[in-house]
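One structure below.
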Amino acid sequence: MTDCANCPKSKAQAKHRWVAPKRDVPLSGILNVDKPPGMTSHDVVDEVRRMVGQRKVGHAGTLDPMATGVLLVCLGKATRVAEFLMQGRKRYRATVVLGTTTDTYDAEGEVVSGGGKIDFSQAEIEAALARFVGQIEQVPPMYSAVKQGGQPLYKLARQGKTVERSPRSVEIEAIDLLDWTPPALSIEVACSPGTYIRSLAHDLGEALGSGAHLAALVRLSSGRFALEDATSLDRLAEAFEHGQGDRHVLALDEAFFDSPAAVVGGDTAQRIVHGQAVALETPAGPGEGGAEEVRVYGPDGDFVAIVTYDAGSGMWRPKKVFA
Numbered sequence: 000m001t002d003c004a005n006c007p008k009s010k011a012q013a014k015h016r017w018v019a020p021k022r023d024v025p026l027s028g029i030l031n032v033d034k035p036p037g038m039t040s041h042d043v044v045d046e047v048r049r050m051v052g053q054r055k056v057g058h059a060g061t062l063d064p065m066a067t068g069v070l071l072v073c074l075g076k077a078t079r080v081a082e083f084l085m086q087g088r089k090r091y092r093a094t095v096v097l098g099t100t101t102d103t104y105d106a107e108g109e110v111v112s113g114g115g116k117i118d119f120s121q122a123e124i125e126a127a128l129a130r131f132v133g134q135i136e137q138v139p140p141m142y143s144a145v146k147q148g149g150q151p152l153y154k155l156a157r158q159g160k161t162v163e164r165s166p167r168s169v170e171i172e173a174i175d176l177l178d179w180t181p182p183a184l185s186i187e188v189a190c191s192p193g194t195y196i197r198s199l200a201h202d203l204g205e206a207l208g209s210g211a212h213l214a215a216l217v218r219l220s221s222g223r224f225a226l227e228d229a230t231s232l233d234r235l236a237e238a239f240e241h242g243q244g245d246r247h248v249l250a251l252d253e254a255f256f257d258s259p260a261a262v263v264g265g266d267t268a269q270r271i272v273h274g275q276a277v278a279l280e281t282p283a284g285p286g287e288g289g290a291e292e293v294r295v296y297g298p299d300g301d302f303v304a305i306v307t308y309d310a311g312s313g314m315w316r317p318k319k320v321f322a
């Protein structure tokens, strides 16, 4: 999922925190934040801006105000890796309530229908969930940031408008049923980026003929970044106030740690910085059974760039330069 409802009932619940003085040299790196409930992802960005004393802050992979868990916040030059961070596979723990539907597909919306069937056996629930595992077509909810005609769907929804939405192909790697205590079931979902867990809850209700909505959601991981390693906003604020915030800032190249690394000499590094293709002895290109993408470091250990393999020339071409 990249659930992004910006639901009309959502209101920022940000606290008044210590405000850092403006930095002469902006911080660059990634914060793994445990987003609290009741805040939009943009609220979290605003909070972090105040903590670190700089404007260049963004997030990778929006969470609804109701949702909690891993929200990756990018500082300084790391805002350039947000697109790569958003490509990471996601894992969620969700609570779905059967028998009731809402206009937003979650607990923050207006009730549309109620009184649906809830007396299902665990076997029936598991069979219904199994239908959603694999490559599926999913229609984004009206209360989402997906744009149609240049306007986010949620703005149209607030005007009482419903428009046709094109289905999107997403992949659900696994759905594990953790608990079924009618009318609520708890599940853990591993999925591709772009998957809407609210839509999954709604579609499950449709499949069972009962109706359903999402009651709670926790993002357990985004790519290689996990909830157990995330830091709360309160802890971050305290750390930055006492000059210890840097310990929570991860290097921007951690966005690429799933790719192999290569160390090059100064001349090769300069060629990459200037956009030129280079030859790398290792790792081998995909035509030789190796990687398609490699992170490159200079002789001093500085992260230089991400390069991709060009099968036609057998060379590696810069994809994103950070030096």
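Heads up, the sequence shown is in numbering that gives the first Met the number 0, so the first residue is 0 and it goes up one at a time.
For each residue, glycine too, the CB sits at the ideal point set by N, CA and C.
How long is the line joining the alpha carbons of residue i and residue j, rounded to whole angstroms?
i: I186; j: G311; result: 46 Å
i: A66; j: A276; result: 43 Å
i: E61; j: L279; result: Strictly speaking, residue 61 in this sequence is Thr, with Glu absent from that position. Distance between the alpha carbons of T61 and L279: 37 Å.
i: Q12; j: S231; result: Note that Q12 has pLDDT 46, beneath the 50 cutoff, so the model's placement of it is unreliable and no number is given.
i: A322; j: A261; result: 15 Å
i: G370; j: R197; result: Residue 370 falls outside the range modelled here, since the chain spans only 0 to 322, and no answer is possible.
i: T323; j: E136; result: An answer regarding residue 323 cannot be provided, because it is not within the stretch 0 to 322 covered by the chain.
i: K10; j: V248; result: With a pLDDT of 39 at K10, under the threshold of 50, the predicted position of this residue should be treated as unreliable, though the coordinate-derived value follows. If you take the alpha carbons of K10 and V248, they lie about 28 Å apart.
i: H58; j: H41; result: 8 Å
i: N5; j: P20; result: Because N5 sits at a pLDDT of 40, beneath the cut-off of 50, its placement in the model cannot be relied upon, and the following sentence gives the value as read from the coordinates. Computed Cα separation, rounded: 30 Å.
i: R316; j: V303; result: 13 Å
i: I117; j: G242; result: 53 Å
i: R115; j: P36; result: In the sequence on display, residue 115 carries Gly and not Arg. G115 and P36: Cα-Cα distance of roughly 28 Å.
i: L216; j: G274; result: 43 Å
i: Q53; j: V169; result: 36 Å
i: M50; j: A77; result: 17 Å
i: P181; j: G113; result: 14 Å
i: G300; j: I171; result: 38 Å
i: R22; j: R79; result: 19 Å
i: D309; j: P259; result: 16 Å
i: K55; j: E123; result: 49 Å
i: F119; j: L128; result: 13 Å
State the beta-bridge partners of residue i as determined by DSSP.
i: H58; result: V72
i: S231; result: D33
i: Y195; result: Paired residues: none, contrary to the question.
i: S168; result: E136
i: V295; result: A261, A304
i: A215; result: T94
i: L177; result: Answer is none; L177 lacks a bridge partner.
i: T101; result: V110
i: M314; result: D309
i: E187; result: R92, D175
Label residue i either buried or exposed according to how many other C-beta atoms from any shown protein chain fall within 10 Å of its C-beta, with 16 as the threshold for buried.
i: A126; result: exposed
i: G286; result: Here the model assigns G286 a pLDDT of 47, short of 50, so the residue's position is not dependable and the matter cannot be decided.
i: L177; result: exposed
i: K318; result: exposed
i: R92; result: buried
i: T194; result: buried
i: G133; result: exposed
i: D63; result: buried
i: D175; result: exposed
Contact check, residue i vs residue j under 8 Å by CB: the rounded distance?
i: A214; j: L203; result: Wrong, their Cβ atoms sit about 13 Å apart, outside the cutoff.
i: V72; j: V43; result: 7 Å
i: A189; j: R130; result: Contact flag wrong, Cβ pair sits at about 16 Å.
i: S209; j: L97; result: 5 Å
i: L226; j: D45; result: No, L226 and D45 are not in contact; Cβ-Cβ is about 22 Å, not under 8 Å.
Does the region 248–268 touch the region 21–35, meaning 3 or more C-beta pairs lie closer than 8 Å?
yes
Taking one C-beta from the region 294–308 and one from the region 256–268 each time, how about it: are there three or more such pairs within less than 8 Å?
yes
Does the pairing of the region 67–76 with the region 105–116 give three or more beta-carbon distances under 8 Å?
no
Okay, do the region 220–231 and the region 83–92 touch, 3+ Cβ pairs below 8 Å being the bar?
yes
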